[in-house]
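Enquirer:
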Amino acid sequence: MATQQQQEQQQEVQAKCTSCGGTGLYKGMAEPPGVAVICLDCEGTGARTITFIPYTGRVKCEDVQTVQRSAGKFIAFGTGPVGEKLSYQDFLKEIPEAEVVATT
Ligand SMILES: [Zn+2]
């Protein structure tokens, strides 16, 4: 679904693996003291590559006229809209877009 422009802006960073704290090793309930298993999320490297597109301002939605809150906690569940309706123009005014932070 990414447009040509988004793909051009896509960037990668090496981040410390949050699953193992960058150790490459995981120690859970099943492992006896002094024993660890190789972290599945980073395959023992301690690093994960994160792909992202830098935020350059809120993208306008051309096909939306009415905005409501989602009924579900997770939009993926598709539980439908609830509550107060507001026009897309009011949404743009009432919920300001995030500040664009310049990356160095
Ligand atoms: Zn890891």
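Under this note's numbering, the first residue of the sequence shown carries the number 35, and numbering increases by one thereafter. Beta carbons are placed, not taken as given, at the ideal position from N, Cα and C, and that holds for glycine.
Kindly indicate which residue of Leu74, Phe86, Leu126, Ala105 has the alpha-carbon position closest to the one of Gln99.
Expert: Ranking Leu74, Phe86, Leu126, Ala105 by Cα distance to Gln99 puts Leu126 first.
Enquirer: From Ala184 to Ser104, what does the alpha carbon distance come to, in whole angstroms?
Expert: This structure leaves residue 184 out entirely; the chain is present only between 35 and 138.
Enquirer: Counting only runs of 4+ residues fully inside the stretch 66–136, write out the alpha helix (DSSP H) ranges in chain order.
Expert: 122–128
Enquirer: Measuring CB atoms only, is the stretch 41–54 touching the stretch 67–84, in the sense that at least three cross pairs come out at less than 8 angstroms?
Expert: yes
Enquirer: Can you tell me whether Cys73 is buried or exposed, with buried defined as 16 or more other CB within 10 angstroms of its CB?
Expert: Result: buried.
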